[in-house]
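The numbers in my numbering rise by one with no breaks, and the one at position 86 of the sequence shown is 460.
Structure, as structure tokens:
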Amino acid sequence: MIKELLSLDNIQLGVDVDNWKEAIEVAAQPLLEKGVITRDYVNAMVESVIKFGAYIVIGPGLALAHARPEDGANELGLSITTLKTPVNFGSVDNDPVKIIFCLAAVDSHSHLDVMQAIVRLLYKPGRIEELSKSETKEELVSKLFNEE
């Protein structure tokens, strides 16, 4: 399911940001530019972290930014952003974040399916570190789906 959602133009490598808010905004940019999500969706992702804490940091070095479908998701979409310098989101166990997956889903069912697929893909120890060192988008996709 993830492979079908992830086009190369939805991948950003080595992005330079100053803080977690900027990281979410930058990670959402490919989806925003394509109309997959609205500006309200981006704002809702930031607001949910402010309100509920760093729950989107789902593993060491990994954030899964998302909001509720009604916050402005127009279609199912996914982007991946690696950060030049990792940033802290406030997660005691999993900061700093090196990679952000930005997920847009129009319903809770597809949302959960994609989240589960992401967790399965990234379960292997050292996987985030390996992906964060990708020098090209093609290399990241190859590593993500074990196509080396």
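Just so you know, even glycine gets a beta-carbon here, dropped at the ideal spot from N, CA and C.
Would you call Gln386 buried or exposed, if buried means 16 or more other Cβ atoms sit within 10 Å of its Cβ? To locate residue 386, count along the sequence shown from 1; it is residue 12. Counting the other CB atoms within 10 Å of its CB gives Gln386 a total of 16 or more, which places it among the buried residues.
Which residues in the same chain as Ile454 place their Cβ atom closer than 6 angstroms to its Cβ, once the five residues preceding and following it in sequence are excluded? As a working mapping, residue 454 is identified with position 80 in the sequence shown. Cβ neighbours of Ile454 beyond the five flanking positions: Ile385 and Phe475.
Considering Cα atoms alone, identify which of Ser422, Lys458, Gly435 and Pro460 is closest to Val445. To locate residue 445, count along the sequence shown from 1; it is residue 71. With the sequence shown as reference, residue 445 is identified as Asp, and Val is not the correct amino acid for it. It is Ser422 whose Cα lies nearest to the Cα of Asp445.
Residue from Lys408, Asp469 and Pro460 with nearest C-alpha to Leu380: Numbered from its first residue, the sequence shown carries residue 380 at position 6. Ranking Lys408, Asp469 and Pro460 by CA distance to the CA of Leu380 puts Lys408 first.
Contacts around Ile473, its chain only, beta-carbon distance under 8 angstroms, and the 5 residues preceding and following it disregarded: Mapped onto the sequence shown, residue 473 falls at position 99. Within the same chain, and ignoring the five residues on either side of Ile473 in sequence, the residues whose Cβ sits closer than 8 angstroms to its Cβ are Gly435, Leu436, Ala437, Ile454, Thr455, Thr456, Leu457, Ile502, Leu505 and Ser506.
Could you tell me which residues DSSP puts in a beta bridge with Ile385? Here residue 385 corresponds to residue number 11 of the sequence shown, with the count starting at 1. Here Ile385 is bridged, per DSSP, to Ile454.
Flag this pair as yes or no: are the beta carbons of Ile492 and Ile398 separated by less than 8 angstroms? In the sequence shown, the residue the question calls residue 492 occupies position 118. In the sequence shown, the residue the question calls residue 398 occupies position 24. Cβ atoms of Ile492 and Ile398: not closer than 8 angstroms.
On the premise that Ala479 lies in contact with Leu450, defined as a C-beta separation below 8 angstroms, what is that separation, rounded to the nearest angstrom? Stepping through the sequence shown from its first residue, residue 450 is reached at position 76. Stepping through the sequence shown from its first residue, residue 479 is reached at position 105. Yes, Leu450 and Ala479 are in contact; Cβ-Cβ is about 6 angstroms, under 8 angstroms.
Ile432, DSSP secondary structure in three states: For the purposes of this step, residue 432 is identified with residue 58 of the sequence shown, where counting begins at 1. Strand at Ile432.
Which same chain residues end up closer than 6 angstroms to Ile411 when comparing Cβ atoms and leaving out the 5 residues on each side of it in sequence? On the sequence shown, position 37 is the one that residue 411 refers to. Cβ within range, chain order: Leu405, Gly446, Ala447 and Ala478.
Which partner residues of Leu505 appear in the DSSP bridge assignment? Here the question's residue 505 lines up with position 131 in the sequence shown. Beta-bridge partners of Leu505 (DSSP): none assigned.
Would you decide whether Ile424 is buried or exposed? Buried here means 16 or more other CB atoms lie within 10 Å of its CB. Counting from one through the sequence shown, the residue named residue 424 turns up at place 50. The residue in question, Ile424, is exposed, as its Cβ has fewer than 16 Cβ neighbours within 10 Å.
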